[in-house]
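Here's the structure we're looking at; comments come further down.
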């Protein structure tokens, strides 16, 4: 099997640009549905033993507590999930009491999370810091890692393309989460942020491994053109890239299907990011090296 | 096989043995006890302790309280927080929580108390126990609004409270006895306010405001008020458990029911096992004997990882289990890189032994670089992240480090032990 990556690179560019474009649009149009980790608020879930009351019944029963807007969602087979503003412990107990009147609640099945505005702000702040630092570290790493290759493409080009691939790998899942948030009420929570941070590392890792191959082949193979070296490197890395992401995807799908609610969307974010990371390192980042070189050469010819 | 390979193989086997028995020490310890009882040996036993589970897996509650230090003098905040911590610890212990964790947290703007109560069933009651502690305070009378001003004398200086009955009216009353410091403050306070009223507030509610007739040097005060006997009893009990030196407010709560925690644990473990088996199957199908060796090393990897979680110990949360499972998928990466290189070398006519050595040599830069990016991000997540992110980063980092060891040392040792054997020659076995 030999895939002509370079020949068809424009098709891959168009696919990626379209997907990134759509994602950016959906992020702007739908916005990100941030969870109570960041906005502050309360989340209560519990499981009923037999019949689950309808959301209408639940909202009706809580009316007297004046909770403002209460979002009721089903959770698994017999569970319900309530989201509302940040409430006191007293109100929490009253809600439990009301919910207990609607049906037999499974003992020990409830969870409750209440995050005041102060903590919400703090978590937001902390998350911003972690994201910025992770990006900074990645940048430094790329600069360090590719400092020694320079022919025929300058080392910063490797850094730049892997960074482009990183944005591609993060923006598309983020766009998908914007859509999921708008239409299915799925929120961006700390687990999902964690997944995105992991994608940072993984996406760069993927590009770096293919680039390492290009670097090695530049020194060893002495192919007549850069295009050929790149394409050969891509084909050599193909099995490795696919197998590695496959094994990782296996465990992630296992978590997605069997791992329970908390880890479900965490694993979905990782599945998207890792799938895209593999795609982008093969079909986007590496062919971009060739495009950069072509662009440079064309400009050089024009000038002389 | 060379001597060096023999030695490596023995190291691997010993490691696997130690890891396995650290994870499940029951059987080996029975054996050790048996040997010890039959001989004069006294062999050490493997430590028998369970995995340390986070609140989200064993159930429990995590509470964040904001301390109101506005009435505490500058420079004495630390001491007040320490006092608060001690009082709440006493209260929590009274409630019978096993291994509670109470920490003071200082942020830029305020000071907080983090309270972790594992395995608590009656969370509402526990919170009431902590938060509803009476905040006792003495206030001085002034002419204009709000008529009473706070003084330094608070529940912090209380030595003990006692239930008593008025000799003539038989009304329930509470006798307060201050410690030596409180006695001085109370003496000054009463001396300053002869002929005026001193108000006793509990939780910002005026309970009684007796008129001071003369300075009281004894450090004893009594609260008479409209108590029923029950109310007076409860007040005495609560005051004795420790009146809070500063008022607190619950600003965040995260509670997981014990059953829910158990379900989460079961589900995530199930996911982990399924994922693990899928990876093993895939590796064996794709890389044949190499795959079997990789699977074997993955099992050792899992054993070492679990043993470390137990021995360090690492508190396992849902995030942590997620990180550990993910690291299994990533751990295989190093093996894939190496095996692919070996295949290439063999295609170009290299013998088995040479393909092993060159395969490892060529794959090393990629393995190093690839894992380094993930490790860097994990390190940042650990240093600056919130608790979920931290739990994930810890197990992921452990996983990555051990996976490198497993790929570079364990798998290499296994492969080397086939050099010079008949199996080495059978091409299809190696994929």
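Residue numbers (my numbering), protein chains in the order written: chain W, 1 to 304; chain A, 1001 to 1431.
Just so you know, even glycine gets a beta-carbon here, dropped at the ideal spot from N, CA and C.
All of these numbers come straight from a predicted model, not from anything done at the bench.
* To do: Apply the 10 Å Cβ neighbour rule to residue 86(W) and answer buried if 16 or more other Cβ atoms are within range, or exposed otherwise.
  => buried
* Cβ of residue 91(W) within 8 Å of any chain A Cβ -> no
* Check whether the Cβ atoms of residue 1138(A) and residue 1198(A) sit closer than 8 Å, and answer yes or no. => yes
* Asked: For the putative contact between residue 271(W) and residue 253(W), defined by C-beta atoms under 8 Å, what is the C-beta separation to the nearest angstrom?
  -> 7 Å
* Interface positions of the segment 86-113 of chain W facing chain A (Cβ-Cβ less than 8 Å), listed along the chain -> 88, 89, 92, 93, 96, 106, 107, 108, 109, 110, 111, 112 and 113
* With 16 as the cutoff for other CB atoms within 10 Å, does residue 1007(A) come out buried or exposed? -> exposed
* Reduced DSSP category for residue 1156(A) - H, G, I as helix; E, B as strand; rest coil -> helix
* **Classification of residue 143(W) by the beta-carbon crowding that lies within 10 angstroms, buried from 16 upward** => exposed
* Under 9 Å Cβ-Cβ, which residues of chain A neighbour residue 196(W)? -> Those within 9 Å of residue 196(W) in chain A number zero; the least Cβ separation is about 10 Å.
* **Within the segment 71-150 of chain W, ranges of the alpha helix (DSSP H) (whole runs, at least 4 residues)** => Whole alpha helix (DSSP H) segments, 4+ residues: 89-102 and 117-145.
* Within chain W, the residues that residue 1278(A) reaches when beta carbons sit closer than 9 Å -> Correct list: 247, 250, 251, 253 and 254.
* Scan the segment 1054-1094 of chain A and note each continuous beta strand (DSSP E) run of 3 residues or more that stays entirely inside, going in chain order. => 1060-1067
* Bridge partners - residue 1310(A), DSSP secondary structure assignment -> BP columns for residue 1310(A) are empty, so no partner.
* To do: Please list the residues of the segment 1198-1212 of chain A that have a C-beta atom closer than 9 Å to any C-beta atom in chain W, keeping them in chain order.
  => none
* Asked: Under 8 Å between C-beta atoms, does residue 138(W) make it to chain A?
  -> yes
* Asked: Which residue comes first and which comes last in the alpha helix (DSSP H) that contains residue 216(W)?
  -> From DSSP, the alpha helix (DSSP H) with residue 216(W) extends over 190-220.
* To do: For residue 1056(A), count neighbouring C-beta atoms within 10 Å of its own C-beta (all shown protein chains included) and say buried if the count is 16 or more, exposed if not.
  => Taking all protein chains shown into account, residue 1056(A) has 16 or more neighbouring C-beta atoms within 10 Å of its C-beta and is therefore buried.
* Asked: Of all the CB atoms in chain A, is at least one closer than 8 Å to the CB of residue 263(W)?
  -> yes
* Is DSSP giving residue 1350(A) helix, strand or coil here? -> coil
* Asked: Terminal residues of the continuous beta strand (DSSP E) containing residue 1251(A)?
  -> 1248-1256
* Asked: What residues match up with residue 1178(A) in a beta bridge as DSSP calls it?
  -> For residue 1178(A), which the question treats as bridged, DSSP gives the partners 1158(A).
* To do: Compare the Cα-Cα distances from residue 1351(A) to each of 1420(A), 1295(A) and 1404(A) and report the closest residue.
  => Closest by alpha carbon: 1420(A).
* **Inter-stretch contact at 8 Å, needing at least 3 Cβ pairs: the segment 1301-1314 of chain A / the segment 1391-1411 of chain A** => yes
* **Contacts around residue 1179(A), its chain only, beta-carbon distance under 8 Å, and the 5 residues preceding and following it disregarded** => Scanning its chain for C-beta atoms nearer than 8 Å, with the 5 sequence neighbours on each side dropped, one finds around residue 1179(A) the residues 1157, 1158, 1159 and 1219, in chain order.
* To do: Using three-state DSSP, classify residue 1333(A) as helix, strand or coil.
  => helix
* Are any of the Cβ atoms in chain W nearer than 8 Å to that of residue 1330(A)? -> yes
* Asked: When you compare only the Cα positions, how much space is there between residue 1236(A) and residue 1174(A)?
  -> 7 Å
* To do: Would you mind working out which of 1177(A), 1213(A) and 1229(A) sits nearest residue 1191(A), comparing C-alpha positions?
  => If you compare the alpha carbons of 1177(A), 1213(A) and 1229(A) with that of residue 1191(A), the shortest gap goes to 1213(A).
* Could you check where the beta strand (DSSP E) with residue 1101(A) kicks off and where it finishes? -> Where residue 1101(A) is concerned, the enclosing beta strand (DSSP E) stretches over 1101-1106.
* Along chain W, which residues have their Cβ under 7 Å away from the Cβ of residue 1282(A)? -> The contacting residues are 246, 247 and 250.
* Along the segment 166-198 of chain W, what residues have a CB closer than 8 Å to any CB found in chain A? -> 190, 191, 193, 194, 197 and 198
* In its own chain, which residues sit with a C-beta less than 8 Å from the C-beta of residue 1428(A), not counting the 5 before and 5 after it? -> 1288
* To do: Give a yes or no on whether 8 Å exceeds the smallest Cβ distance from residue 1381(A) to chain W.
  => yes
* On the DSSP bridge assignment, give the partners of residue 1138(A) in chain order. => 1200(A)
* Rounded straight-line distance, which links the Cα of residue 1383(A) to that of residue 137(W) -> 13 Å
* Separation of residue 1367(A) from residue 249(W), as counted between CA atoms -> 19 Å
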